[in-house]
Structure formats: C-alpha cells, structure tokens
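Under mature numbering (1 follows the signal peptide of the UniProt record, and there is no 0), the letters of the sequence shown match residues -18 to -1, 1 to 166, in that order. The beta carbon of each residue, even a glycine, is placed where N, CA and C say it ideally should be. Quick caveat: nothing in here was measured; it's all calculated off a predicted structure. The next block holds one structure in the form of structure tokens; read it before the comments.
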Amino acid sequence: MLCLIFVVVLAAFPELHATEFGDLIEMVNTTEEIWLYSSTAMRTDYECAYNKKDSLDCTERFCSYKYGYNYTTGTARKEETRDATLLDKCPMHPKTPCMLRRKARAPIKMLLMFWDRDHHCGLFKAEGLTRRTECEIHAWNSAMLQYKTRITQFLSCEERFYNYCNKTEYTQKVYYSESCRTQK
C-alpha cells in the first residue's frame, strides 16, 4: 500500500522525477542527429535544427562536448561547430545536470528536466536563449522516424513539457517536419 501511495505522489508531481548526469550523457552520446522537435522560443525563419556529436570526453563531474549544429534559415542550410560543457550540477541549479555553452558574453544553460531513454526524447529548460526561460523538446533521429508511425512516441516528453512549461505566456512551436530529413 505504501508503494502505491509513493507511485501516485511521483505521478502527481513530475518535478520529483530528477534527472541525473548519466541521463544527459546518454542523451548526447549518440551517432544519430538530435533534432530540436519543438520550443517555446519563437524564432522566425528558422527550422530543421539538429546537433550531431563530433566528440565527447568525460570525467566524473563534467564532459567536453563538441558538436555540429545544423539548421535551415530561409532556403539556406547552415552548419556551425559548437563547444559545450556538460555539468553534473548546473550553476544556480545544483540538483539538475546541464549543458553550458558560451554565446557572446552570456552563457546558455540547457537544463535537462526529463529524459525518456525508451523513446529517446528529452525536455530542456533553456536559460540565455531569450530574456525568459524557454523549454525545448529534443529527440534522436530514430525517434523522429518512429514518430511518423507511432504518434505516442513523444507522449512522455509532451506531458513533461506541459507540466514544466505550460504557462499562459508560452506557446509551443514545432521546428521539425517530414521535409527536414531530406534537407540534411
């Protein structure tokens, strides 16, 4: 009976499902593209964005992560090489692992709030992209291929998105479409 109560409490309060450093490493440590599926950041003339790992070198508390960042703006395909540090404990968020990237003078913190290892999708809270905290769903390429035939593929990530990020001022914009794979 006590176990049942504990499970009900965890289901009712998703913020109690803490992510760990290993979850963040698992999410980025793939040879697949990691697509930006959706975000609350309203970027215009921007779509089909994905990361592709170049290298990942880890110690006990942090990793150096180098990756290609690819996206489409208008009709042009763009690619940038980016560096980030994966941290066990994010600055100002000691219970949450994050990816820290320098952009101009201000760092961008991508806090991993949820990782679904079965469906290969994750929810990030992003600080430093805009003036407010944004939310993003990222997913492996294989998950995007399955999503076409199994609409329930991202249900866990979508649920967490609404639990963590569904405020009246937030609107979710989908940046991924079927045509993205042909534009790579």
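Discussion item. Suppose you measure from the CA of C117 to the CA of T78; what does that come to, to the nearest Å?
Written reply: Counting only the Cα atoms, T78 lies some 15 Å from C117.
Worksheet entry | G104 burial status per 10 Å Cβ neighbour count (16 or more: buried) | buried
Fill in: Presumed contact (8 Å Cβ cut-off) between A66 and Y47, rounded CB distance
5 Å
Worksheet item: Do the region 134 to 148 and the region 11 to 18 make contact, defined as three or more Cβ pairs closer than 8 Å?
Response: The region 134 to 148, when compared against the region 11 to 18, does not touch it at the 8 Å Cβ threshold.
Discussion item. Checking 8 Å against the spacing of the C-beta atoms, do T1 and M81 come in under that value?
Written reply: no
Worksheet entry | Boundaries of the alpha helix (DSSP H) in which N33 is found, first to last residue | From DSSP, N33 is part of no alpha helix (DSSP H) but of the beta strand (DSSP E) over E29 to C40.
Practice prompt. May I ask you to report which of helix, strand or coil DSSP gives E116?
Written response: strand
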